[in-house]
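Down below is the structure, laid out as structure tokens.
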Amino acid sequence: HENIYNLPNFLTVTRLFAAPATAYLFLHDHYAWALGLFAYAAITDLVDGWIARKWKLQTVAGSVIDPMADKALMIILTVTLAVKGAIPLYLATLILGRDASLAVAAIYYRYASLPAPKTLLRYWDFSLPSAEVHPTTVSKYNTFLQLILIGSTLALPVITAGDYETGILQSLDLNTDHLHSAMRYFQCLVAATTAWSGLSYAYLKNVVTILGSNEELKAKQGSRGRAIIGTTFGSCVIAAAWLAWNVDQVVQDGAESEHAKKET
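For what it's worth, my numbering labels the leading residue of the sequence shown as 3, then goes sequentially.
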């Protein structure tokens, strides 16, 4: 049995718990603490892998927990920021919908390509590889942009103004309107890359490699998997477009009107 009680795994587990803690702090308007905890999660995400490789402390448990912690951080904070109104609903729908669509497709790929007998025990036995996923280039950039978006959104109340305190820029008598406008453009950029990333898994044939020798069966399984992603994520894109037009635009217009009243 491998030794799972090491520093990299400890850092990864703390990052896993940092996700709900950061969400709690942000929801209760402790913006600086939330930003600091997110920064801790981002730093440990880099450090734990480096330590594991440097001192040969890689474990199977770590390889499972590490992406789980990353995804938990992204999902929990996306929901939190949407609930708080810090990011628009259409963007949250795209981010969460993409992950959900890929998860559903992954379940199908694993089951369809698993050699017989297809039992629950064998399904979770990852020593029996059945399919390999190769992230697209746009997906890698999209993940990076999503993390930048989450971090900058958490930082925005700190450098502008929270509900109960003056922000850094306002204390220096600097106008923050341009910063909020830039954030809206950045949100549109992340929405575009998220949509592109999700749909790329629906039309690119070389993203998933199904192991086995039956080429005809592998082709059918690949087509079905891509169809699952296309159907589920396509629905999310349509829902996001509806939200952007009917909900988020109304909210934004109301906020701008309220801001104009305060200025006058």
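Note that CB positions come from ideal geometry on N, CA and C, so glycine has one too.
Residue 133 sits in a strand when the DSSP states are folded into three classes. The Cβ atoms of residue 125 and residue 210 do not sit closer than 8 Å to each other.
Proximity to residue 26 across 68, 36, 106 peaks at 36, based on C-alpha coordinates.
In the three-state DSSP reduction, residue 209 falls in the coil class, being neither helix nor strand.
Collapsing the DSSP output to three states places residue 224 in a helix. The alpha-carbon of residue 42 is positioned some 23 Å away from that of residue 85. The three-state secondary structure of residue 198, taken from DSSP, is helix. Taking C-alpha positions only, residue 142 is separated from residue 135 by approximately 13 Å. Only residues of its own chain outside the window of five on either side were considered, and among them 228, 232 have a CB closer than 8 Å to the CB of residue 205, listed in chain order. Distance from the CA of residue 244 to the CA of residue 92, rounded to the nearest whole angstrom, comes to 8 Å. In the structure shown, residue 127 adopts coil according to DSSP, grouped into three states. When DSSP states are grouped into helix, strand and coil, residue 89 belongs to the coil group. Scanning 15, 89, 40, 64 for the CA closest to the CA of residue 187 turns up 89. With contacts defined as CB atoms closer than 8 Å, residue 202 and residue 106 fail to qualify as a contacting pair. Under the three-state reduction of DSSP, residue 32 is assigned to coil, being neither helix nor strand. For residue 159, the uninterrupted alpha helix (DSSP H) segment begins and ends at 139-161.
Relative to the Cα of residue 133, the nearest Cα in the group 72, 220, 20, 33 belongs to 220. Inclusion of residue 123 and residue 193 in the CB contact set at 8 Å is not warranted, their separation being larger than that value. Remark: C-beta atoms of residue 100 and residue 224 do not approach each other more closely than 8 Å.
Taken through DSSP and simplified to helix, strand or coil, residue 57 comes out as coil. Remark: C-beta atoms of residue 103 and residue 238 approach each other more closely than 8 Å. Using a C-beta cut-off of 8 Å, the region 51-59 makes no contact with the region 15-30, since fewer than three inter-stretch Cβ pairs fall below that distance. Remark: C-beta atoms of residue 213 and residue 131 approach each other more closely than 8 Å. In this structure, residue 11 lies away from residue 71, with their beta-carbon atoms at least 8 Å apart. Here the alpha carbon of residue 234 sits roughly 13 Å from the alpha carbon of residue 242. In the structure shown, residue 8 falls within a coil segment according to DSSP collapsed to helix, strand and coil. Looking at the backbone, the Cα of residue 230 and that of residue 74 are separated by about 23 Å. For the options 145, 87, 83, 144, the alpha carbon positioned closest to that of residue 251 is the one of 87.
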